[in-house]
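Chemist: Mind the numbering: the sequence shown is residues 775 to 980 in this note's numbering, read in order. Just so it is clear, CB atoms sit at the ideal spot from N, CA and C, and this is done for glycine as well.
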Amino acid sequence: MSAVINKTNSEIRDLYQIIYMSRITSTGLSSASTLNDIAKIAIKNNKADNVTGILCYGNGYFFQCVEGSEQALTNLKNRILTDDRHKDIQMLDFSAITKRRFTGWSLRSIILERWMINDPKAKALMPFKPYSWSSDERHQFLDILHGYYEEQENTGDIDTQPIKYNALGLTLSKIVGEHQAFFLIQTVLGVLIVLALLWFMLSDKF
Ligand SMILES: Cc1cc2nc3c(=O)[nH]c(=O)nc-3n(C[C@H](O)[C@H](O)[C@H](O)COP(=O)(O)O)c2cc1C
775 MSAVINKTNS EIRDLYQIIY MSRITSTGLS SASTLNDIAK IAIKNNKADN VTGILCYGNG
835 YFFQCVEGSE QALTNLKNRI LTDDRHKDIQ MLDFSAITKR RFTGWSLRSI ILERWMINDP
895 KAKALMPFKP YSWSSDERHQ FLDILHGYYE EQENTGDIDT QPIKYNALGL TLSKIVGEHQ
955 AFFLIQTVLG VLIVLALLWF MLSDKF
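#1: Given that a residue counts as buried once 16 or more other Cβ atoms are within 10 Å of its Cβ, and exposed if not, what is Gln935?
#2: When we look at the beta-carbon of Ala816 and count the other beta-carbons within 10 Å, is it buried (16 or more) or exposed?
#3: Mind checking whether the beta-carbon of Ser796 lies closer than 8 Å to any heavy atom of ligand 1?
#4: Ordered along the chain, which non-local residues of its own chain (more than five positions away) have a Cβ less than 6 Å from that of Val840?
#5: Would you be able to state if there are at least three C-beta pairs under 8 Å between the region 850-864 and the region 794-813?
#6: Please list, in chain order, all residues of the same chain as His920 whose beta carbon is under 6 Å from its beta carbon, the five residues on each side excluded.
#7: With a threshold of 16 other CB atoms inside 10 Å of the CB of Tyr831, please say whether the residue is buried or exposed.
#8: Classify Leu886 as helix, strand or coil using the three-state DSSP reduction.
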């Protein structure tokens with residue numbers, strides 16, 4: 775019992791969070807499974823290092839909040855800073871905290887375009903442009919993420935891998951998703967025009 779209390783006390787003394795945002799690079803976009811690759815290694819490492827957190831991707835931007843010991847987060851920060859899948863990394867916070875926000879998540883990855891659609895509060899912060907947010911808006915966003923965590927906590931769904939899309943696909947799906955009908959009509963019209971041209975060209979020959 776006292777060992778548990780000691781562990782909890784030592785964690786309270788050595789508990790930090792890192793919050794940062796970054797932009798995906800062409801290297802990140804070019805890989806077929808950037809988000810899955812990150813999630814896979816991150817869940818493994820974070821579990822081993824007792825790090826918890828959330829990684830959001832949307833509109834070409836990453837926004838991450840991770841929690842853990844100062845040493846674990848310093849090591850993680852050094853790895854993240856040299857990762858060529860993202861750039862323009864802006865550290866928003868590296869400070870001591872008293873409580874984890876995402877206790878059960880080694881790293882939950884969220885694709886904002888899909889997730890925000892169902893959350894009116896999050897929708898109000900769309901389009902996702904974290905670099906232009908005020909500090910209040912960033913806190914608001916973190917509160918929304920924490921609310922999402924609390925809501926999901928009951929499902930027991932701890933470390934879901936992101937859905938398999940490549941990062942470019944994700945960015946495109948945002949555009950396509952918003953204008954699905956338009957794209958569908960364009961495609962059908964395009965196919966009809968090509969068929970009509972072929973018909974004209976071939977009908978001359980017979
Ligand atoms: C946006 C982003 C977030 C990442 N988050 C984590 C993370 O939470 N934990 C982690 O271990 N690696 C994370 N990574 C991957 C690391 O940068 C690094 O590739 C990984 O830790 C393996 O490092 P290693 O090759 O030096 O072992 C992230 C990478 C990116 C681009």
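Modeler: According to the structure data:
#1: Low confidence applies to Gln935: its pLDDT is 49, below 50, so where it sits in the model is not reliable enough to give any reading.
#2: Buried.
#3: Yes, since a heavy atom of ligand 1 falls inside the 8 Å radius drawn around the Cβ of Ser796.
#4: Excluding residues within five positions, the ones whose Cβ falls inside 6 Å are Ile792, Val825 and Gly827.
#5: In short, these stretches touch, since the Cβ pair count reaches three.
#6: Cβ neighbours of His920 beyond the five flanking positions: Arg875.
#7: When all chains shown are included, Tyr831 counts as buried.
#8: Three-state result, Leu886: helix.
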